[in-house]
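FYI, in the numbering used here the residues of the sequence shown are 41 to 606. Think of the CB as a built atom: it goes at the ideal place given N, C-alpha and C, for glycine as much as any other residue. Worksheet: one structure, shown below.
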Amino acid sequence: MTSLYQSVQFPASLDRYISGRILEERDVRAIAVVVSLANVQIPDLAWVALSLVLASPRSGHSCLDLESMSLWAPDHNPDSALGWSTDPQVWLDALTECGSLVCGSSEVDEIPRRPFVLDGHLLYAARSHDEEVRVSEYLRRNIAAKRIEIITGGPGSGKTTSVAQRLVQRFMDPEHTDEKIALAAPTGLAAKRMAKAIRSAIRSQKPSPELEKLIDDLPKLTIHKLLSYNPSAKIQYRFNVDNQLPYDLVIIDEVSMMPLSMMARVLEAMKPEALLILVGDPFQLASVDAGTVLADIVEASQQGVSFVETLSGNFRFPDGSPVGELSTATKAGDFLAALKVLQHEHVATEDTHPRLRWVDPVASPAHLKEVASQVVEHARLLCAMATTARSTEEHRAVIAQREKLQVVCAHRKGSLGVSGWNTTVERQLGSLAQGQWYLGRPVMVTINDSFTNLSNGDIGVVCMDSSGNRVVVFGDSEEIRVFPVARVPQVETVHALTIHKSQGSEYEHTIVVLPKRASRILTRELLYTGMTRAKPHLTLVATEEVLKMTVETQVQRATGLARRLL
């Protein structure tokens, strides 16, 4: 049986936009369904704009900015044979002919509702527009009422310590003794790291054992678990605008990873009198889905009345650290300053002093081989330790050894991508890497698994237990969890992993690898995230040309949230 999606036709004139790789056929067909159901005809440019709106979330955009249409032109060439226009008025004129499909922002509540909203020069899918408006209204209202706090800062700036101090003060205040508090993060891995960091920071405050236990027992959840998400239920989110969360205080970490839709779900589920604390680094990688909520909040705070607490401490890198200087230059988009740091000869006076090395894979292939040899030797030692490890203490030593060095790549594929590095390392390991569950294999869980309570992003190492059975050991210096290989959910090898997957982690020696050629995903935010995983040593593998392009390219996502908060 042919579906409506498969049967609808679209104008042949749109084929040139599909073949020109501006539009994807799936988006054009989806608009064709909408046009067919509305029984209307629309001009080609309107069809293009509406198709781009459907595609925009896949690129992280909340909307389509009609003042930046040159970015969507074929090869960024507005003078192409497609007759592309960079004049927003041309696009606005085309969209005004679609009254049954597109409404203005003042008409969103009219019946029947239109599937698209034109708000100034920004074109939205109606759902995204609704989410952005609801988020902005909540933030404006609760910032004014002091029921929301935003804490930002880079790695090692003291964000977790600040949260720990707030928790201790809260519990010691008689007015808040009986409060219900929850800690949350966008992913399971981030939630676990948050719990560990909070635990460490709380101990530094030296509270009473009773108070430490109270804080340690606080629920530490993913956002989905916080909202009791069930994809098979009629109402997928148990906690929502009609059934709000029971907590008096909710603290969310790694907010830079939260897309607009997730933020909207959380805010509508908050009790009116509850306090919400948002914590994160706006310069880290943005969410995989649409929106740059934390960055938009910070931008609004910088342009108008300041309401964001920005911590400037630097506990990750000591004064004069070349890695710290490089990350600062990268964050600022200052390539010349970054190049100056990289070209300076850095000599470590002691083993704990941060070391920085720059390797150009094209100009210095011999140096790249040296780096690869270092990675292989680290893997060999991991295999040797895993072969003899049986006890909890020995397993803990294996985990600690794995965290001493990590390759993080911009790309998954290619010789300098994750697959290339993993293949190279295992080939060099030879007989040590025989079989799927070879001893010393570092693996990352790729799905959330409620049975084992393992999360997407958890990393373990294949070892043996006291009976000689193959197991995978997960954990850190405080807690070790051991699972038979048959019980471990879907995993992948991670002698190397992507920078995205490394977000929130720390490694004694981090090797950041960029591809030899320019790529759309290369941005200063990506590089900054990768290099700040170093604690404290960093090796950067990149050509000067690619490095320049990366440092000078900032993530650009179309969103109207910052403007709404002013």
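What is the DSSP secondary structure of residue 362, counted as helix, strand or coil?
By one-based count along the sequence shown, residue 362 stands at place 322. Helix at residue 362.
Residue 324 burial status per 10 Å Cβ neighbour count (16 or more: buried):
What you label residue 324 is simply residue 284 of the sequence shown in a count that begins at 1. Around the beta carbon of residue 324, a 10 Å sphere encloses 16 or more other beta carbons of the protein chains shown; the residue is thus reported as buried.
Rounded distance between the beta-carbons of residue 361 and residue 446, thought under 8 angstroms:
Here residue 446 is taken as the residue at index 406 of the sequence shown, counted from 1. Here residue 361 is taken as the residue at index 321 of the sequence shown, counted from 1. Wrong, their Cβ atoms sit about 19 angstroms apart, outside the cutoff.
Taking only runs that begin and end inside the segment 288-375, name each unbroken beta strand (DSSP E) of 3 or more residues, in chain order.
Counting only runs of 3 or more, we get 289-292, 315-320, 348-350.
For residue 523, the first and last residue of its enclosing beta strand (DSSP E):
Taking the first residue of the sequence shown as position 1, residue 523 is located at position 483. Looking at the DSSP string, the run of the beta strand (DSSP E) that includes residue 523 is 520-524.
In angstroms with no decimal places, state the Cα-to-Cα distance between residue 405 and residue 383.
Counting from 1 along the sequence shown, the entry for residue 405 is found at position 365. Counting from 1 along the sequence shown, the entry for residue 383 is found at position 343. Looking at the two C-alpha atoms, the distance is approximately 17 angstroms.
Quick check on the DSSP output: what are the complete alpha helix (DSSP H) runs of length 4 or more inside the segment 72-150, in order along the chain?
The qualifying runs are 84-95, 128-135.
Contact between the segment 144-153 and the segment 292-302 (3+ Cβ pairs under 8 angstroms):
In short, these stretches do not touch, since the Cβ pair count stays below three.
Can you look up residue 388 in the DSSP assignment and give me helix, strand or coil?
Mapped onto the sequence shown, residue 388 falls at position 348. Here the model assigns residue 388 a pLDDT of 45, short of 50, so the residue's position is not dependable and the matter cannot be decided.
Are the CB atoms of residue 94 and residue 112 within a distance shorter than 8 angstroms?
Looking up residue 112 in the sequence shown gives position 72. Looking up residue 94 in the sequence shown gives position 54. Judged by their CB atoms, residue 112 and residue 94 are not nearer to each other than the 8 angstroms cut-off.
Short Cβ contact (8 angstroms threshold) for residue 501 with residue 485
Counting from one through the sequence shown, the residue named residue 501 turns up at place 461. Counting from one through the sequence shown, the residue named residue 485 turns up at place 445. Not closer than 8 angstroms, so no.
What residue ranges within the segment 202-277 form continuous alpha helix (DSSP H) runs of no fewer than 4 residues, ordered along the chain?
DSSP runs (the alpha helix (DSSP H)) wholly in the segment 202-277: 228-244, 249-256, 263-266.
One question on the structure: do residue 195 and residue 321 come within less than 8 angstroms of each other, judged by their Cβ atoms?
The residue given as residue 195 occupies position 155 in the sequence shown. The residue given as residue 321 occupies position 281 in the sequence shown. Yes.
Taking Cβ positions, are residue 203 and residue 255 nearer each other than 8 angstroms?
Translated into positions along the sequence shown, residue 203 becomes position 163. Translated into positions along the sequence shown, residue 255 becomes position 215. Cβ distance not < 8 angstroms, so residue 203 and residue 255 don't count as in contact.
Counterpart residues of residue 565 in DSSP-defined beta bridges:
Here residue 565 refers to the residue found at position 525 of the sequence shown. Answer is none; residue 565 lacks a bridge partner.
For the beta strand (DSSP E) containing residue 159, name the first residue and the last one.
Working through the sequence shown from its first residue, we reach residue 159 at position 119. Start and end: 156-159.
What do you get for residue 624, buried or exposed, if any count of 16 or more other CB atoms within 10 angstroms of its CB means buried?
As displayed, the chain neither begins before 41 nor continues past 606, which places residue 624 out of reach and without an answer.
Beta bridge counterpart(s) of residue 419 as assigned by DSSP
Numbered from 1 along the sequence shown, position 379 holds the residue referred to as residue 419. DSSP lists no partner for residue 419.
Let me make sure I understand the geometry here. Which of 600, 259, 476, 71 has the alpha-carbon closest to that of residue 503?
For the purposes of this step, residue 503 is taken as residue 463 along the sequence shown, with counting starting at 1. Of 600, 259, 476, 71, the residue nearest in Cα terms is 476.
Since I believe residue 350 is in contact with residue 570 (beta carbons under 8 angstroms), could you give me their beta-carbon distance rounded to a whole number of angstroms?
As a working mapping, residue 570 is identified with position 530 in the sequence shown. As a working mapping, residue 350 is identified with position 310 in the sequence shown. With 8 angstroms as the limit, residue 570 and residue 350 do not qualify as a contact, their Cβ atoms being about 22 angstroms apart.
Got a sec? Which residues, its chain only, sit under 6 angstroms from residue 596 by beta carbon, not counting five neighbours each side?
Along the sequence shown, one-based indexing puts residue 596 at 556. Excluding its 5 nearest sequence neighbours in each direction, residue 596 has no C-beta neighbour in its own chain below 6 angstroms.
Excluding sequence positions up to five away, which residues of its chain have a Cβ less than 6 angstroms from the Cβ of residue 587?
The residue labelled residue 587 in the question sits at position 547 within the sequence shown. Around residue 587: no qualifying Cβ.
Under the three-state DSSP convention, the category residue 399 falls into
Indexing the sequence shown from 1 puts residue 399 at position 359. Residue 399: strand per DSSP, three-state reduction.
By how many angstroms is the C-alpha of residue 182 removed from the C-alpha of residue 188?
The residue you call residue 188 lines up with position 148 of the sequence shown. The residue you call residue 182 lines up with position 142 of the sequence shown. Each residue's CA atom was taken as its position, placing residue 188 and residue 182 some 6 angstroms apart.
Secondary structure at residue 554, three-state DSSP: helix, strand or coil?
Position 514 of the sequence shown, counted from the start, is the residue given in the question as residue 554. Coil at residue 554, not helix or strand.
DSSP on residue 570, reduced to helix/strand/coil?
Position 530 of the sequence shown holds residue 570. Three-state result, residue 570: helix.
Using the Cα positions of residue 423 and residue 562, report the straight-line distance between them to the nearest angstrom.
Taking the sequence shown and counting its residues from 1, one reaches residue 423 at position 383. Taking the sequence shown and counting its residues from 1, one reaches residue 562 at position 522. Pairing residue 423 with residue 562, the inter-Cα distance amounts to about 33 angstroms.
Return the Cβ separation of residue 581 and residue 534 in integer angstroms, given the expectation that the two are a contact with Cβ distance under 8 angstroms.
Sequence index remark: in the sequence shown, residue 581 carries index 541 (1-based). Sequence index remark: in the sequence shown, residue 534 carries index 494 (1-based). Contact annotation, residue 581 with residue 534: C-beta distance approximately 17 angstroms; criterion of less than 8 angstroms not satisfied.
By Cβ distance, which residues of its chain are closer than 6 angstroms to residue 468, with the 5 residues on each side in sequence left out?
By 1-based counting over the sequence shown, the position of residue 468 is 428. By the criterion of a C-beta distance shorter than 6 angstroms, residue 468 is surrounded in its chain by 416, once the five residues flanking it on both sides are discounted.
Terminal residues of the continuous beta strand (DSSP E) containing residue 190?
Here residue 190 refers to the residue found at position 150 when the sequence shown is read from its first residue. 188-192 is the extent of the beta strand (DSSP E) around residue 190.
Indicate the three-state DSSP secondary structure (helix, strand or coil) for residue 424 in the structure shown.
Residue 424 sits at position 384 when you count from the first residue of the sequence shown. In the three-state DSSP reduction, residue 424 falls in the helix class (H, G or I).
Would you say the beta carbon of residue 209 comes nearer than 7 angstroms to a heavy atom of the ligand HEM?
In terms of ligand content, the structure shown is empty, and the ligand HEM therefore cannot be addressed.
Return helix, strand or coil for residue 510, following the three-state DSSP convention.
The residue you call residue 510 lines up with position 470 of the sequence shown. It is a strand residue.
CB-CB length for residue 225 against residue 137, believed under 8 angstroms
Locating residue 225 in the sequence shown gives position 185, counting from the first residue. Locating residue 137 in the sequence shown gives position 97, counting from the first residue. Rounded, the Cβ-Cβ distance is 45 angstroms, inconsistent with contact.
For residue 163 and residue 199, what's the separation of their Cα atoms in angstroms?
As a first step, residue 163 is located in the sequence shown; it is residue number 123 there, counting from the start. As a first step, residue 199 is located in the sequence shown; it is residue number 159 there, counting from the start. Near 36 angstroms, if we compare the C-alpha coordinates of residue 199 and residue 163.
Beta-carbon contacts of residue 574 that lie in its chain and below 6 angstroms, excluding the five residues immediately before and after:
Working through the sequence shown from its first residue, we reach residue 574 at position 534. Excluding sequence neighbours, residue 574 sits near 363, 550.
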